[in-house]
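Enquirer: Once you've had a glance at the structure underneath, I'll fire off some questions.
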Amino acid sequence: MDVVEIDGLRIACRRAGDGPAVVFVHGGAEDSRCWTPQLDALADEFTVVAWDEPGAGGSSDVPAGFELSDYADHLAGLIRALDISPCTLVGLSWGVTVILELYRRRPEVARSLVLADGYAGWRGSLGADEADARLAGLRDQPEGAFDPTLPGLFAGPPPADFVPLLEAMSADVRRHSMLTALTAMAQADLTDVLATIQVPTQLIWGALDARSPLSVAHEFERRIPGADLAVIPDCGHVSNLEAPEAFNDILRFFLRRHGA
């Protein structure tokens, strides 16, 4: 792990490889470990960096009043500190929301985007009622009750190879930090950002994603100029772990075309 101080917070990240820079932005209740199969596969050709957002993994807790803009600014600060701008940004789920906010604020850091199974905020992609219901459900969970195999995350049973990883990340979830991030996602509506994207964009979605259904993917495809959508069959929301080989093949092909 590398550690960089950004605006008074310790930000940890995993870094490997050499070549054009690719920065991975994890989903809610996860950390940089969720990108293990991507880092392992792509470090032969690219500089791969996966951050622990504030409140996750080896990074500092989120301070009071932390908002979506703060996540984006700290991610931009990490990219600046590592001197890897512009880079390709790869996000999954909540990570897509963070990337869209980063692009809205600092588009110059992005060479290209890969947006997987994500949202323009829950409010933006799912509507206010669903966003509020999801957030209420999370707030009602008792301490330590987050289930990394939550129904809807995978099309079938969680992939056996990654169950220990999922359990380890779940054990390290900090409830306050998770709720801070997912409250930001529930409140966000970044649909207006989609039409402003002017860099090559690859969309990757699980065909059976129950958390961010294909209707969201098609809305992204319609709104983002020139975006290409790749759908992975028989795959749910956490597509990078449920179908890592297919995910990595799509990602590598895109990076070879647009990541350098």
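Per my numbering, residue 1349 is the first one in the sequence shown, and the count goes up by one each step.
A virtual CB, placed ideally from N, CA and C, is assigned to each residue, including glycine.
Just so it is clear, the structure is predicted and the values come from calculations on it, not from any experiment.
Confirm, please, whether the CB-CB distance from residue 1360 to residue 1396 is below 9 Å.
Expert: no
Enquirer: Please report the Cβ distance between residue 1523 and residue 1542, rounded to the nearest whole angstrom; I am assuming they are in contact, meaning their Cβ atoms lie under 8 Å.
Expert: With a Cβ gap of about 31 Å, residue 1523 and residue 1542 do not count as contacting.
Enquirer: Within this structure, are the beta carbons of residue 1313 and residue 1583 separated by less than 9 Å?
Expert: Since the first residue shown for the chain is 1349 and the last is 1608, residue 1313 is missing from the structure and cannot be characterised.
Enquirer: Could I get the ranges of all uninterrupted beta strand (DSSP E) runs contained in the stretch 1383-1410, with 3 residues as the minimum, in chain order?
Expert: 1395-1399
Enquirer: Tell me where the alpha helix (DSSP H) around residue 1564 begins and ends.
Expert: 1562-1571
Enquirer: Does the Cβ of residue 1493 have 16 or more other Cβ atoms within 10 Å, making it buried, or fewer, making it exposed?
Expert: Residue placement at residue 1493 is flagged as unreliable, the pLDDT there being 49, under the threshold of 50; the coordinate-derived value follows with that caveat. So residue 1493 ends up on the exposed side.
Enquirer: Give the straight-line distance between the Cα atoms of residue 1591 and residue 1479, rounded to the nearest whole angstrom.
Expert: 27 Å
Enquirer: Report the rounded CA-to-CA distance for residue 1462 versus residue 1449, giving the unit in angstroms.
Expert: 14 Å
Enquirer: Secondary structure at residue 1432, three-state DSSP: helix, strand or coil?
Expert: coil
Enquirer: Below 8 Å on the Cβ atoms is my contact criterion, and I expect residue 1529 with residue 1439 to pass it. Report the Cβ-Cβ distance as a whole number of Å.
Expert: Not quite, the Cβ-Cβ distance comes to about 13 Å (not below 8 Å), so this is no contact.
Enquirer: Would you kindly check if the distance between the Cβ of residue 1535 and the Cβ of residue 1471 is under 9 Å?
Expert: yes
Enquirer: Could you check how far apart the C-beta atoms of residue 1437 and residue 1424 are, in whole angstroms? I think they sit under 8 Å.
Expert: Residue 1437 to residue 1424, Cβ: 10 Å. No contact.
Enquirer: Could you say which of 1563, 1357 and 1538 lies nearest to residue 1421 if we only look at CA atoms?
Expert: Among 1563, 1357 and 1538, the Cα nearest to that of residue 1421 is on 1357.
Enquirer: Grab me the residues of residue 1427's own chain with a C-beta within less than 7 Å of its C-beta, minus the 5 sequence neighbours each way, in chain order.
Expert: 1371, 1433, 1435 and 1457
Enquirer: Among the candidates 1579, 1585 and 1377, whose CA atom is the shortest distance from the CA of residue 1598?
Expert: 1579
Enquirer: DSSP state of residue 1546, grouped into three classes?
Expert: coil
Enquirer: Could you pull the start and end residues of the beta strand (DSSP E) that residue 1579 belongs to?
Expert: 1576-1580
Enquirer: Cα separation between residue 1398 and residue 1545?
Expert: Each residue's alpha carbon lies about 22 Å from the other.
Enquirer: Looking at the structure shown, is residue 1493 part of a helix, part of a strand, or coil, going by DSSP?
Expert: Residue confidence for residue 1493 is low, a pLDDT of 49 falling below 50, so the modelled location carries little weight and cannot support an answer.
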